[in-house]
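One structure is given below, encoded as structure tokens.
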Amino acid sequence: MEHLYEMLKQVDGYIYPNEIELHWSILIVLYPYITGLVAGAFILASLERVFKVEVLKPTYHLALLTALAFLIVAILPLVSHLGHPFRAYEIMTTPQGKSAMAIFGFIYLWYLMVVLLLEIWFDYRRDLVLWSREKKGILRRIFKILTLGVTDLSPKTVAWDEKLGYIITVVGIPSAFLLHGYVGFIFGSIKANPWWSTVLMPVIFLFSAMVSGIALVMFLYMAVSWIRKVKIDMNCLDEVGKYLFYVLVLDFTLESLDQVHRIYEAEESFEILHLLVTGKLTYTLFILQGLLGTIVPIVTLGIFRIRKPSEKIRKPLYLMSSLLVLMGIFFMRWNVVIGGQLFSKSFLGFTSFKIGLIGMEGYLMTLVWIILPFLILSFFLWLIPPWKKHAEEIV
Amino acid sequence: MGNERVNETRRNFLRKSAVLAGTLLASSASQPFTAMIFAANQPDKSKPWYAIGIDIEKCIGCGMCAKACKSENDVPKEPFYYRSWVEQYILKNDGTLKVESPNGGIDGQKQSVPDEEIFKTFSVPKMCNHCEKSPCVQVCPVGATFDSPEGVVLVDDKYCIGCRYCIQACPYGCRYLHPEKKTADKCTLCYHRITKGLNPACFEVCPTGARIYGDLNDKNGVMHKFLKEHNCHVLKPNLNTGSKLFYNGLSAEVR
Chain Z
200 MEHLYEMLKQ
210 VDGYIYPNEI
220 ELHWSILIVL
230 YPYITGLVAG
240 AFILASLERV
250 FKVEVLKPTY
260 HLALLTALAF
270 LIVAILPLVS
280 HLGHPFRAYE
290 IMTTPQGKSA
300 MAIFGFIYLW
310 YLMVVLLLEI
320 WFDYRRDLVL
330 WSREKKGILR
340 RIFKILTLGV
350 TDLSPKTVAW
360 DEKLGYIITV
370 VGIPSAFLLH
380 GYVGFIFGSI
390 KANPWWSTVL
400 MPVIFLFSAM
410 VSGIALVMFL
420 YMAVSWIRKV
430 KIDMNCLDEV
440 GKYLFYVLVL
450 DFTLESLDQV
460 HRIYEAEESF
470 EILHLLVTGK
480 LTYTLFILQG
490 LLGTIVPIVT
500 LGIFRIRKPS
510 EKIRKPLYLM
520 SSLLVLMGIF
530 FMRWNVVIGG
540 QLFSKSFLGF
550 TSFKIGLIGM
560 EGYLMTLVWI
570 ILPFLILSFF
580 LWLIPPWKKH
590 AEEIV
Chain W
721 MGNERVNETR
731 RNFLRKSAVL
741 AGTLLASSAS
751 QPFTAMIFAA
761 NQPDKSKPWY
771 AIGIDIEKCI
781 GCGMCAKACK
791 SENDVPKEPF
801 YYRSWVEQYI
811 LKNDGTLKVE
821 SPNGGIDGQK
831 QSVPDEEIFK
841 TFSVPKMCNH
851 CEKSPCVQVC
861 PVGATFDSPE
871 GVVLVDDKYC
881 IGCRYCIQAC
891 PYGCRYLHPE
901 KKTADKCTLC
911 YHRITKGLNP
921 ACFEVCPTGA
931 RIYGDLNDKN
941 GVMHKFLKEH
951 NCHVLKPNLN
961 TGSKLFYNGL
971 SAEVR
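In order, the protein sequence lines correspond to chains Z and W. Going by this note's numbering, the letters in the first sequence line up with residues 200 to 594, in that order. Going by this note's numbering, the letters in the second sequence line up with residues 721 to 975, in that order.
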């Protein structure tokens with residue numbers, strides 16, 4: 200409790216006495232961040248499948264596996280943040296229908312079980328069967344289990360895999376929208392908090408999710424190609440860059456609209472939010488999220504739309520843009536979640552926020568949650584590598 | 721030929737989407753839109769429906785209420801957890817406002833601004849507003865926060881998962897996470913006392929009788945008398961929480 204006494208000294212102005220401690224800390228910054236990466240990666244994958252953007256094919260499976268790896272992790276910081284993690288199941292067994300949060304468990308499970316797992320399974324079933332015949336030992340057994348006993352490889356069945364996979368992707372697109380729009384609603388529907396309470400919140404969350412997911416796949420595609428020592432398909436990378444640019448512009452427009460609207464309406468909370476933005480959030484909002492995370496990538500990717508420099512220049516700039524966007528969206532979540540708790544609901548003062556190195560909500564644990572999905576993804580890429588899928592001789 | 725094929729696919733896609741949207745809409749109709757409109761109604765009219773009245777003109781800012789609350793309800797003694805506290809408002813001659821509540825006002829108020837700079841000063845006791853349409857009850861994902869039949873907002877600490885959504889949702893800062901129990905905690909209007917016909921602790925100790933509570937169903941009761949005789953206001957009426965804590969003499973600066 201010592202840190203609370205420390206924070207008590209740093210209170211600026213008047214805050215309600217219960218407001219010294221930030222109740223949602225770094226773990227709740229990670230939760231919308233990781234969920235957003237999932238939704239974004241999935242939407243990119245769907246572009247290839249549903250809208251037949253053939254040039255994106257090299258990223259399709261990677262995007263799907265990325266979505267799965269991150270979705271598995273998404274819920275962990277959330278549950279570990281609870282005062283009583285072992286009571287988390289109550290959200291599923293006795294959900295309170297009027298709560299925006301209660302439905303999350305169902306949306307999460309729907310997305311994990313029905314959308315992602317099924318889509319990947321239909322997509323890989325034929326390969327799983329073939330691998331279970333080719334491999335030996337424990338791997339053979341694992342692949343056998345993964346086929347769930349459906350080993351029929353007749354052209355008709357394989358065609359059905361394709362058809363069902365397609366249907367699931369079609370269902371998956373609104374599901375991905377729902378997943379992240381809904382996360383935005385959890386914040387946007389809190390009328391007590393003027394920094395959160397805006398009808399644009401779900402839309403902003405959705406677009407920022409797409410931005411971050413596309414950037415992640417872009418980064419991973421380059422990284423995986425580099426590790427595998429294969430040539431990057433520049434047409435594909437350019438196409439991903441194009442989508443990243445368009446969605447980034449949309450996202451930036453929406454967020455600007457939100458701020459312009461706040462400034463022009465200048466409601467009761469305006470003064471305190473103005474102080475928040477120009478004070479405690481200056482670096483994270485204007486520099487990290489705005490300048491580095493948004494403006495620099497928009498300008499870089501925008502220039503590529505007009506004229507394309509050589510591959511040698513484009514590659515590092517794509518890499519830089521994707522990493523900057525990933526950082527920018529992280530700080531966007533930070534500014535929403537942490538920023539929304541720094542000012543008092545009395546609108547008369549501020550509390551402060553400090554992260555420790557160790558502990559469940561410290562820097563080290565945060566790093567674990569960020570690294571873990573990459574490890575899971577590496578495992579997936581080792582177990583069911585997209586580049587080792589069998590050529591489609593049977594259609 | 722090529723164009724036709726694209727249109728065909730697009731049409732199919734639109735058709736599929738329309739079927740999907742229709743199914744979703746139809747299935748939502750089976751569960752009427754109650755979740756959209758959130759308003760508590762008194763479930764049992766035979767029971768009392770409590771409201772609270774605080775007369776700011778009577779409050780001397782002694783902080784006995786906040787102190788009694790901590791002792792009666794085993795609220796952690798550290799200065800970060802309060803079910804009840806007293807704020808001191810000081811409007812200065814230069815038009816600025818200073819608000820203080822050191823240790824929730826438990827140790828009494830100290831004058832931090834010299835007399836000649838003060839335009840106006842007053843104390844405002846704060847506690848849970850026991851809202852009729854409580855944002856905290858609305859957001860609890862498991863229903864651990866609920867309205868008692870008497871309209872008192874309570875927390876079931878055996879069921880609360882400690883997600884802290886209710887703390888975020890309360891516009892009045894009336895909730896905290898209990899440091900040992902790791903569950904949300906708040907004013908219960910001393911439910912354990914009022915159900916035995918006793919006064920809540922903070923009401924009992926108030927030396928000037930600035931606090932009353934009573935049954936809104938009782939047209940001849942103290943609460944109706946209080947509301948009739950005073951021009952009362954609630955905090956943050958724009959949020960439409962249906963607050964049942966009515967203040968007499970509430971100044972516009974108070975939030």
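In this text, a Cβ means the ideal position worked out from N, Cα and C, and glycines have one as well. Source: prediction; values computed, not measured.
Item: Between Glu220 (chain Z) and chain W, is the shortest Cβ-Cβ distance under 9 Å, so that the two count as touching?; Value: yes
Item: Could you name the residues of chain Z that Tyr801 (chain W) contacts, counting a contact when the two beta carbons are closer than 9 Å?; Value: Pro216 and Asn217
Item: Helix, strand or coil: which one does DSSP assign to Asn968 (chain W)?; Value: strand
Item: With a cut-off of 9 Å, does the C-beta of Tyr213 (chain Z) fall near any C-beta of chain A?; Value: Chain labels in this structure do not include chain A; the protein chains are Z and W.
Item: With DSSP collapsed to three states, give me the class of Thr350 (chain Z).; Value: coil
Item: Are the beta-carbon atoms of Ile810 (chain W) and Arg931 (chain W) separated by less than 9 Å?; Value: no
Item: Beta-carbon of Ser737 (chain W) versus every beta-carbon of chain Z: anything under 9 Å?; Value: yes
Item: Could one say the Cβ of Arg895 (chain W) lies closer than 9 Å to chain Z's Cβ atoms, at least one of them?; Value: yes
Item: Just to confirm, is the Cβ distance from Gly492 (chain Z) to Met519 (chain Z) under 9 Å?; Value: no
Item: Please state the DSSP three-state secondary structure of Gln751 (chain W).; Value: Note that Gln751 (chain W) scores 49 on pLDDT, short of 50, meaning its location in the model is unreliable and no value can be drawn from it.
Item: Measuring only the C-alpha atoms, how far is Gly186 (chain Z) from Pro585 (chain Z)?; Value: With chain Z covering 200 to 594 only, the question about residue 186 (chain Z) has no answer from this structure.
Item: Helix, strand or coil: which one does DSSP assign to Gln831 (chain W)?; Value: coil
Item: 9 Å is my cut-off, CB to CB: does Ala474 (chain Z) come that close to chain W?; Value: One point to set straight first is that residue 474 (chain Z) is Leu, not Ala, in the sequence displayed. For Leu474 (chain Z), the answer is no, since every Cβ of chain W falls outside 9 Å of its Cβ.
Item: Within its chain, find whatever has a CB closer than 7 Å to the CB of Ile389 (chain Z); leave out the 5 residues flanking it on each side and keep chain order.; Value: Trp395 and Ser396
Item: Assuming Leu556 (chain Z) contacts Tyr562 (chain Z) (C-beta within less than 8 Å), just tell me the rounded distance between them.; Value: 5 Å
Item: Can you pull the chain Z neighbours of Thr903 (chain W), defined as C-beta to C-beta under 8 Å?; Value: Gly282 and His283
Item: Excluding the 5 residues flanking Thr483 (chain Z) on each side, which residues of the same chain have their C-beta closer than 6 Å to its C-beta?; Value: Phe530, Trp533 and Asn534
Item: Between which residues of its own chain and Glu777 (chain W) is the CB-CB distance below 7 Å, once the five residues before and five after are set aside?; Value: Asn968 and Gly969
Item: Jot down the residue ranges of each uninterrupted alpha helix (DSSP H) in the stretch 439 to 487 of chain Z, minimum 4 residues, whole runs only, in chain order.; Value: 469 to 477
Item: Which residue's Cα is closest to the Cα of Ala972 (chain W): W:Lys964, W:Val954, W:Ser963 and W:Asn960?; Value: W:Val954
Item: Give the straight-line distance between the Cα atoms of Leu516 (chain Z) and Met421 (chain Z), rounded to the nearest whole angstrom.; Value: 12 Å
Item: What residues in its chain sit with their C-beta under 8 Å from that of Thr368 (chain Z), if we drop five residues either side in the sequence?; Value: Ala244, Ser245, Arg248, Val249 and Glu318
Item: Using 10 angstroms around the beta-carbon of Trp581 (chain Z), count the other beta-carbons present and answer buried if the total reaches 16, otherwise exposed.; Value: exposed
Item: Is the closest heavy atom of the ligand ATP to the C-beta of Phe839 (chain W) under 8 Å?; Value: You won't find the ligand ATP in this model; it holds no ligand whatsoever.
Item: With distances taken from CA atoms, which of Z:Lys544, Z:Glu560, Z:Ser407 and Z:Asp457 is nearest Phe216 (chain Z)?; Value: One point to set straight first is that residue 216 (chain Z) is Pro, not Phe, in the sequence displayed. For Pro216 (chain Z), the nearest C-alpha among the options comes from Z:Lys544.
Item: Whole angstroms is fine: what's the gap from Arg332 (chain Z)'s alpha carbon to Lys251 (chain Z)'s?; Value: 31 Å
Item: Could you check whether Tyr381 (chain Z) and Ile290 (chain Z) sit closer than 9 Å to each other, using their CB atoms as the reference points?; Value: no
Item: Are at least three pairs of beta-carbons, each pair with one atom in the stretch 876 to 885 of chain W and one in the stretch 848 to 868 of chain W, less than 8 Å apart?; Value: yes
Item: What residue from W:Lys916, W:Thr915 and W:Leu909 has the CA that sits closest to Phe923 (chain W)'s CA?; Value: W:Leu909
Item: Could you tell me which residues DSSP pairs with His953 (chain W) in its beta bridges?; Value: W:Tyr967
Item: Any beta-carbon of chain W closer than 9 Å to the one on Arg286 (chain Z)?; Value: yes
Item: Quick check on Tyr967 (chain W) - is its C-beta less than 9 Å from some C-beta in chain Z?; Value: no
Item: For Phe546 (chain Z), which residues in chain W fall below 8 Å Cβ to Cβ?; Value: Arg975
Item: Look at Leu275 (chain Z) and Leu311 (chain Z) and say whether their C-beta atoms are less than 9 Å apart.; Value: no
Item: Between Lys790 (chain W) and chain Z, is any beta-carbon pair separated by less than 9 Å?; Value: no
Item: Counting C-beta neighbours from all protein chains within 10 Å, is the total for Tyr802 (chain W) 16 or more, i.e. buried, or is it exposed?; Value: buried
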